[in-house]
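One structure is given below, encoded as structure tokens.
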Amino acid sequence: MIELTAQQAQELEKPDGTPPQVVNPKTKEKFVLLRLDEYKQLKEEQYDDSPWTREELHALAWEAGKEAGWEDMEEYDDAPERP
């Protein structure tokens, strides 16, 4: 576990609601500091890292087609039957 500096602890107490950002000086990667309960809530309840379903993939393909201007191509509405 890493102990916060006085400056970092002060940033956590600000009422603006934005998590403070920290930078790894070696890699320049940016991170945010979250309370453990906030992290657990994001990880358990809102974040879904399961594989996409066929329905989700179909919806994404449909949206990509609409963005590409394919909305008038009815012959591509249904996927071909697989043998």
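For the sequence shown, the residue numbers in this note's numbering are 148 to 230.
Ideal placement from N, C-alpha and C gives every residue a C-beta, glycine not left out.
Lys-177 is a Cβ neighbour of Val-170, given a cutoff of 9 Å. Per DSSP, Lys-213 is one residue of the alpha helix (DSSP H) stretching across 201 to 214. For Lys-190, the three-state secondary structure derived from DSSP is helix. For Pro-166, the CB contacts under 6 Å within the same chain, skipping 5 residues up- and downstream, are Val-179, Leu-180, Leu-181 in chain order. Here the alpha carbons of Glu-191 and Gly-164 stand approximately 21 Å from one another.
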